[in-house]
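Student:
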Amino acid sequence: DAKTTQPNSMESNEEEPVHLPCNHSTISGTDYIHWYRQLPSQGPEYVIHGLTSNVNNRMASLAIAEDRKSSTLILHRATLRDAAVYYCIPDQGAQKLVFGQGTRLTINP
Amino acid sequence: GAGVSQTPSNKVTEKGKYVELRCDPISGHTALYWYRQSLGQGPEFLIYFQGTGAADDSGLPNDRFFAVRPEGSVSTLKIQRTERGDSAVYLCASSLGGLTGYTFGSGTRLTVV
């Protein structure tokens with residue numbers, strides 16, 4: 001199993017970039033890295049996923065280290081609505097996503 | 001509907017009773033997942049359906065828990081002889097298959113008293 005490590009919590013200011021780190025040192029070569037986030041009182045929502053190359057979408061960017069042992073989710077300009085728990089999930093080749101504890105992101109106005 | 005619908009949104013039941021939790025996935029999504037989330041924890045996988053069949057039920061904690069998806073769309077999670085430890089938010093998600101783009105419902109908050 002790919003062991004995943006994320007900080008328990010992070011704090012940032014509104015309108016500033018946020019870099020959320022994730023270590024997945026035992027990831028295998030074919031495991032995609034998925035990021036989901038969970039806003040208060042809601043189910044998780046998909047953010048982004050990638051394999052080797054950096055990925056961008058309207059919500060965020062995903063920077064994957066060359067050795068794939070770590071990745072960083074980048075929110076380019078945080079808003080108060082980005083306050084959530086962010087989960088980094090290597091898929092381990094299984095047909096299900098296994099969630100860890102995630103990082104609780106607080107955004108200060 | 002546009003999203004995954006879960007009913008009821010809240011359920012309070014007495015210890016020992018039977019409960020059913022319903023999930024309406026996005027139309028056309030062949031994969032359906034049930035998760036359970038306790039306070040302060042990440043979602044915990046329970047069971048995964050591909051079509052009508054349970055492809056992976058390794059997360060069901062014991063034989064009091066059972067889930068069905070008879071026509072490959074709506075799914076029901078059934079819990080017999082509920083215990084206080086079953087109290088949690090039960091989340092359902094659906095996808096087109098594979099691991100990309102799960103869409104989760106808002107969950108059913110189950111409280112066993």
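For the protein sequence lines, the chains are B and S, in the order given.
Following the working numbering, the numbering of the first sequence begins with 1 at its first residue and continues without gaps.
Following the working numbering, the numbering of the second sequence begins with 1 at its first residue and continues without gaps.
Beta carbons are placed, not taken as given, at the ideal position from N, Cα and C, and that holds for glycine.
1. Among V113/S, Y102/S, D86/S, T108/S, whose alpha-carbon lies nearest the alpha-carbon of Y48/S?
2. Hey, how far is the Cα of T4/B from the Cα of D82/B?
3. Counting contacts by CB-CB distance shorter than 9 Å, is E66/B in contact with chain S?
4. Using the beta-carbon count (16 or more within 10 Å), is K96/B buried or exposed?
5. Just to confirm my understanding: we take G29/B, look at its own chain, exclude 5 residues before and 5 after, and list those with CB closer than 8 Å. What are they?
6. Nearest-angstrom Cα distance between E20/S and L77/S?
7. Round the Cβ separation of F104/S and L96/S to the nearest angstrom and send it over; I've been treating them as touching at under 8 Å.
8. So which of T72/B, A60/B, E45/B, H34/B has the shortest CA-CA distance to P90/B?
9. Can you check whether the C-beta of V4/S is within less than 9 Å of a C-beta belonging to chain B?
10. If you run the structure through DSSP and keep just helix, strand and coil, what is D82/B?
11. Say whether chain S places a C-beta atom closer than 9 Å to the C-beta of E11/B.
12. So which of D31/B, S70/B, A65/B has the shortest CA-CA distance to P7/B?
13. Under the assumption that E15/B contacts A78/B (Cβ atoms under 8 Å), give the Cβ distance between them as a whole number of angstroms.
14. When DSSP labels each residue in this structure, what does D86/S get in the three-state scheme?
15. What in chain B is Cβ-close to D56/S, meaning under 7 Å?
16. Is R109/S near the ligand NAP, judged by its Cβ being under 8 Å from some heavy atom?
Tutor: On the basis of the coordinates in this document:
1. On the second sequence, residue 48/S is found 48 positions in, with the first residue counted as 1. Closest option to Y48/S, Cα to Cα, is Y102/S.
2. For this step, residue 4/B is matched to residue 4 along the first sequence. For this step, residue 82/B is matched to residue 82 along the first sequence. Cα-Cα distance, rounded: 22 Å.
3. For the purposes of this step, residue 66/B is taken as the residue at position 66 of the first sequence. Judged by the 9 Å Cβ criterion, E66/B is not in contact with chain S.
4. Within the first sequence, numbered from 1, the residue matching residue 96/B stands at position 96. It is buried - the Cβ of K96/B has at least 16 other Cβ atoms within 10 Å.
5. Stepping through the first sequence from its first residue, residue 29/B is reached at position 29. Correct list, in chain order: R68.
6. Along the second sequence, read from residue 1 onward, the residue named residue 20/S stands at position 20. Along the second sequence, read from residue 1 onward, the residue named residue 77/S stands at position 77. Using only the alpha carbons, I get a separation of about 6 Å.
7. Position 104 of the second sequence, counting from 1, holds the residue named residue 104/S. Position 96 of the second sequence, counting from 1, holds the residue named residue 96/S. Contact doesn't hold; Cβ gap of about 14 Å is too wide.
8. As a position in the first sequence, residue 90/B is number 90, starting the count at 1. Of T72/B, A60/B, E45/B, H34/B, the residue nearest in Cα terms is H34/B.
9. Start at 1 with the first residue of the second sequence, and residue 4/S comes out as number 4. Among the CB atoms of chain B, one or more fall inside 9 Å of the CB of V4/S.
10. As a first step, residue 82/B is located in the first sequence; it is residue number 82 there, counting from the start. D82/B: helix per DSSP, three-state reduction.
11. Numbered from 1 along the first sequence, position 11 holds the residue referred to as residue 11/B. With respect to chain S, the C-beta atom of E11/B has no partner C-beta closer than 9 Å.
12. The count along the first sequence starts at 1 and reaches residue 7/B at position 7. Selected option, being the one with the closest Cα: S70/B.
13. What you label residue 15/B is simply residue 15 of the first sequence in a count that begins at 1. What you label residue 78/B is simply residue 78 of the first sequence in a count that begins at 1. Between A78/B and E15/B the Cβ distance is about 7 Å, and since that is below 8 Å, they are a contact.
14. On the second sequence, residue 86/S is found 86 positions in, with the first residue counted as 1. D86/S falls in the helix class under three-state DSSP.
15. Indexing the second sequence from 1 puts residue 56/S at position 56. Those within 7 Å of D56/S in chain B are Q95, K96.
16. This structure lacks the ligand NAP; in fact it carries no ligand of any kind.
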